[in-house]
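Asker:
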Amino acid sequence: MFPADLPEPAELEQRYPERQLPAGALVTRIGPSPTGWLHIGALYVAMINRDIAHRTGGRYLLRIEDTDQARELAGAVDQFQRAFDYFGLPADEFDGVGDYGPYKQSEREAIYLTYARELLREGKAYLCFATEDELADIRRRQDASKIPPGYYGGWAIWRDRDDADVQAKLDEGAPYVIRFRSPGEVNGRAVFTDAIRGRLEHEDNRNDVVIVKSSANAVRLPTYHFAHAVDDHLMRVNLVIRAEEWISSVPTHLQLFAALGFEQPTYAHIAPLMKQISGGKRKLSKRKDPEASVDFYVAEGYPAAAMLYYLRGLANGRLAELPLAEALEAPIELAEFGVAGPLVDLVKLDDISADHIATLSGPEILAAVRVWAADHDADLVPVIDANPELALAALAVEREGVENPRKDLRKWSDFRTAYGFFFPELFTLVTADDERIQGVDPALIRAFAADFVAGYQHLDDGQEWFGQIRDLATKHGFAPNAKEYKKNPDAYPGSIREASQIIRVALTGSTRSPDLFAVARTLGADEVLRRVGAVAG
RNA sequence: AGCGCGUUGGUCUAACGGUAGGGCACCGGUCUCUCAAAUCGGUGGCACGGGUUCGACUCCCGUACGCGCUACCA
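Residue 218 in my numbering sits at position 201 of the first sequence, with consecutive numbering throughout.
So this is what it looks like as structure tokens:
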């Protein structure tokens, strides 16, 4: 039933001794399951765990909880690594690094079996040969008579079987699971303390939960509950921060820790991240919501600092009131957690992110965009690489030397739409009948543009430069300002506003753009003439 | 169904049992060649019902609603 060379618990206790850490040091962990891409909630919990461990002089571990081999997704572990790297949240110990490994549950089979065998020896666990059909039948009968469901008491058909029955099944090679013999009573209550919520009371666990999955599997793996007890004890984790959906299983965990003779960790259950839906909110779903995946934020190009700042603000409201740099340094306090699940608000994230990017210099932004584009917009890379000076000049427009820099970049993927027009390779010339120049007769547009080209002076004073448009507008009959035009709309083809739009669309291909003079200076005289010339026809 | 967790404007959050305040969003003004920004102002909230109290967002009970757990998923 067990390998001959299985270690004894005492040997494991020796191999994974208590950590030598300063008093009050907290050892925490994140245990993502590679059954899907990393969830934004996992990133949130990872950040919290890491922050608290490091602030107290403890350790933060990354443990891959791959005990559900049927649902495992290839490549998920690598994606975890990339995601944690992107957000600057590396673990102190993880697969291959650290004295308390392996940090992959699928490689800890012997460790789990050691403790399972021990519980078996002590009569605190037993072999269960119940088939799927039998379990379904038990469930059906319980449902029918409105009895609380579960494998317990008289329903636990293998709980108190004769050794002979067990041996017979073993002899015929029937697969079995190992179940915990729960000491819980039917109407028992469990009371425990949560570091965030205080005293919690819950129906006690009475189920003889499975602790080791079917012997028919190639690798004998534990269920979450058993792995949690064994791993967190052996890895000397003393603070378990996890999502609140685990509150219901704390009684089970407490029983397991007690049966194994382990000291129980402190629990802190945090509220899950939610998503707004019409008429309410629900937990972010990995399958339905793209923004549930960390990949979404990486692909969109949200700066890591902005994400972390946003997430910290959700964890502790106080941190949302602090400036970014300060909030990133300030400690996250368990006592300050809200208990209701906050909504992930992409609009708020955008705002934070735009504010943050506005504090960056052009070269910093360009470097980040370049890194982002390499993975997510390959066509943009050669364009940037061919014109680094132009890229920097474009980013400098209304950003450098001004009091309030433009906030037109919320994420790196915005660069193409906001600044792409500066690059001739990404710009499509505009013609006079373009729908973006609305309300003005194409013939007039052509004449206006032609005049502009004919007399263009690449002046370096903003007022003087714009004076060219002003003069031309007057010459072609445009009203000097919007007010005049509004007063007497039939007398003019438009106002200075409409006239400016001709040049704006010609130069930028958009009705909205940064300051025209700055754009023109950045583009250079030749390019300005080429673009306006195209409108002239 | 049972058990648990929760509920302050649209959203994130403050407020010894004593005038419900701020951020984002939204709306409007200013600025202006457009947009963004900036700045000024505005709309909007204690889920409901009882109880305790001189006084309840706050404490207690109930109801409703939301979320979760009741797996050889985590």
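Every residue gets a Cβ at the ideal spot worked out from N, C-alpha and C, and that includes glycine.
Taking all protein chains shown into account, decide if P282 is buried (16 or more other Cβ within 10 angstroms of its Cβ) or exposed.
Answerer: That one is buried.
Asker: Just mark V203 as buried or exposed, buried being the case when its beta carbon has 16 or more other beta carbons within 10 Å.
Answerer: Counting Cβ neighbours within 10 Å, V203 comes out exposed, since fewer than 16 surround it.
Asker: How about A260 and H219: do their beta carbons lie closer than 9 Å?
Answerer: No. Outside cutoff.
Asker: Measure the alpha-carbon distance for A59 versus M291 and round it to whole angstroms.
Answerer: Distance between the alpha carbons of A59 and M291: 13 Å.
Asker: For a quick check, are the C-beta atoms of T45 and G92 less than 9 Å apart?
Answerer: Contact flag unset, no.
Asker: Let's see if you can read the secondary structure: which residues bound the beta strand (DSSP E) around I454?
Answerer: Segment: none, I454 is in no beta strand (DSSP E) and carries neither H nor E.
Asker: Take the Cβ of L90 as the centre, count every other Cβ of all protein chains shown within 10 Å, and call the residue buried at 16 or more, exposed below.
Answerer: L90 should be labelled exposed.
Asker: Which class does R206 belong to by DSSP, given the choice of helix, strand or coil?
Answerer: Residue state, collapsed to three classes: strand.
Asker: Enumerate, from N- to C-terminal direction, the unbroken beta strand (DSSP E) stretches of 3 or more residues contained entirely within the region 191 to 269.
Answerer: The qualifying runs are 194 to 197, 206 to 211, 215 to 220, 227 to 229, 256 to 260.
Asker: Do Y168 and V226 count as a contact pair if the criterion is CB distance below 9 Å?
Answerer: Yes, these two residues count as a Cβ contact at 9 Å.
Asker: Alpha carbon to alpha carbon, what distance is there between M18 and G140?
Answerer: About 16 Å.
Asker: When the Cα atoms are used, what is the spatial distance from D116 to Q184?
Answerer: Going by the C-alpha atoms only, they are around 39 Å apart.
Asker: Please report the distance separating the alpha-carbon of R299 from that of R138.
Answerer: R299 and R138: Cα-Cα distance of roughly 45 Å.
Asker: Within the same chain, show all residues whose beta-carbon is closer than 6 Å to that of S310, passing over the 5 residues directly before and after it, in chain order.
Answerer: Excluding positions up to five away in sequence, the list reads W54.
Asker: For G105 and A63, what's the separation of their Cα atoms in angstroms?
Answerer: Cα-Cα distance, rounded: 11 Å.
Asker: Verify whether the separation of the beta carbon atoms of Q122 and D95 is less than 9 Å.
Answerer: Going by C-beta atoms, Q122 is not nearer than 9 Å to D95.
Asker: With a threshold of 6 Å on Cβ separation, who are the neighbours of R453 within its own chain once the five nearest residues in sequence on each side are excluded?
Answerer: Hits under 6 Å: V522, T528.
Asker: Looking only at its own chain, which residues have a Cβ that is under 6 Å from the Cβ of L351, when we skip the five neighbours before and after it?
Answerer: So the qualifying residues of the chain are A212, I213, A285.
Asker: Between C145 and G41, what straight-line distance do the alpha-carbon atoms span, to the nearest angstrom?
Answerer: The straight-line gap from Cα to Cα measures roughly 42 Å.
Asker: Using only alpha-carbon positions, find the residue among L407, L301, E420, L271 that is nearest to F639.
Answerer: No statement about residue 639 is possible, as the shown extent of the chain runs from 18 to 554 and does not include it.
Asker: How many Å lie between A471 and E515 at the Cα?
Answerer: Approximately 20 Å, taken between the alpha carbons.
Asker: If V536 sits next to V414, beta carbons under 8 Å apart, how far is it from one beta carbon to the other, in whole angstroms?
Answerer: Contact flag correct, Cβ pair sits at about 6 Å.
Asker: Which of helix, strand or coil does DSSP assign to M555?
Answerer: It is not possible to answer for residue 555, since the shown part of the chain is limited to 18 through 554.
Asker: If you follow the beta strand (DSSP E) that Y143 is in, where does it begin and where does it stop?
Answerer: Its beta strand (DSSP E) spans residues 142 to 145.
Asker: Between H475 and the rest of its own chain, which residues show a CB-CB distance below 6 Å, the 5 nearest in sequence each way excluded?
Answerer: Closer than 6 Å at the Cβ level, and outside the excluded window around H475, lie A542.
Asker: Can you tell me which of S512, A490, G494 puts its alpha carbon nearest to the alpha carbon of K500?
Answerer: K500 has its Cα closest to that of S512, out of S512, A490, G494.
Asker: For D249, count neighbouring Cβ atoms within 10 angstroms of its own Cβ and tell me buried if that reaches 16, exposed if not.
Answerer: Buried, since its Cβ has 16 or more Cβ neighbours within 10 Å.
Asker: Pull up the distance between the alpha-carbon of V425 and that of A467, whole angstroms please.
Answerer: The sequence shown places Asp at residue 425, not Val. Distance between the alpha carbons of D425 and A467: 31 Å.
Asker: Pick helix, strand or coil for E110, following the three-state DSSP scheme.
Answerer: Strand at E110.
Asker: Near P459, what residues of its chain come up, given a Cβ to Cβ distance below 7 Å and the 5 sequence neighbours on each side ignored?
Answerer: So the qualifying residues of the chain are A449, D450.
Asker: Near L38, what residues of its chain come up, given a Cβ to Cβ distance below 8 Å and the 5 sequence neighbours on each side ignored?
Answerer: So the list reads V44, G74, G75, R76, once near-sequence residues are dropped.
Asker: What do you reckon, are the CB atoms on I164 and R157 nearer than 9 Å?
Answerer: No, they are not a contact pair.
Asker: Is the region 402 to 416 close to the region 356 to 373, with three or more CB pairs under 8 Å?
Answerer: Judged by Cβ distances under 8 Å, the region 402 to 416 makes no contact with the region 356 to 373, as fewer than three pairs qualify.
Asker: Does T434 come out as helix, strand or coil in the three-state DSSP assignment?
Answerer: T434 falls in the helix class under three-state DSSP.
Asker: Taking DSSP as the reference, what is the three-state secondary structure of T148?
Answerer: The answer is coil: DSSP assigns T148 none of H, G, I, E or B.
Asker: Would P49 and I69 be called neighbours here (beta carbons separated by less than 9 Å)?
Answerer: Contact flag unset, no.
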